[in-house]
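First comes the structure, then the notes that go with it.
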Amino acid sequence: MSDVEWVDEDAGPVVRPYAVTGGRTRTASARFDLLAMAVATGTPISAGTHLGSQHRRLLNLVRRARPIAEIASDAGLPVGVIRVLLGDLLDHGLILVRSPIPAASAPPENLLRELISGLRAL
1 MSDVEWVDED AGPVVRPYAV TGGRTRTASA RFDLLAMAVA TGTPISAGTH
51 LGSQHRRLLN LVRRARPIAE IASDAGLPVG VIRVLLGDLL DHGLILVRSP
101 IPAASAPPEN LLRELISGLR AL
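1 is the number of the first residue of the sequence shown in UniProt numbering; add one for each residue after it.
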């Protein structure tokens, strides 16, 4: 796969999403939830690691923790493509991915309402 991204000024990128992932539609190691958070580890890229331009672009997008859905939106690529590319970065130890907090571990709604009421009373 070439690192050159062909762009038509009116149409935008003309490289098909499957070409960006080398024809892969799934990650080799992980399945990411849309609300999972991805963040760069700051680990230097080793000399033997081949990363395309989209991989490097994603590394820039995840300098701070961000949800997968937001990364896809900002990158302008389908979520499936983002998942494959992030899977590559995860396999190389360049990012961490955290699953979203399960709803069961979130505070109950009535507790949050009481907290808001208490703050308003201040």
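No residue lacks a Cβ here, since even glycine has one placed at the ideal position from N, Cα and C.
Small disclaimer: the values here were computed from a predicted structure and weren't measured.
Where residue i falls: helix, strand or coil (DSSP)
i, result
"LEU122", "coil"
"GLY52", "coil"
"ILE116", "helix"
"VAL101", "Checking the displayed sequence, the identity of residue 101 turns out to be Ile instead of Val. Residue state, collapsed to three classes: coil."
Continuous beta strand (DSSP E) stretch holding residue i: start and end
i, result
"GLU62", "Note that residue 62 is Val in the sequence shown, not Glu. Careful: VAL62 lies outside any beta strand (DSSP E) and carries neither H nor E."
Enclosing alpha helix (DSSP H) for residue i [first to last residue]
i, result
"ILE45", "No alpha helix (DSSP H) holds ILE45; DSSP gives it neither H nor E."
"ASP33", "ASP33 -> no alpha helix (DSSP H), and no H or E assigned at all."
"ILE68", "68-75"
Contacting residues, own chain, Cβ-Cβ under 7 Å from residue i (five flanking each side not counted)
i, result
"PHE32", "ILE68, ARG83, LEU86, VAL97"
"THR43", "GLY93, LEU94"
"LEU89", "HIS55, LEU58, LEU59, ILE95"
"PRO100", "ASP33, LEU35, ALA36"
Contact set for residue i: own chain, Cβ-Cβ below 6 Å, skip 5 residues either direction
i, result
"ALA65", "MET37, VAL39"
"ARG63", "ALA40"
"LEU34", "ILE68, ALA69"
Per DSSP, the bridge partner or partners of residue i
i, result
"ILE95", "ALA40"
Cut-off 8 Å between Cβ atoms - residues of its own chain near residue i, not counting five sequence neighbours on either side
i, result
"LEU61", "ILE71, ASP74, ALA75"
"ILE116", "none"
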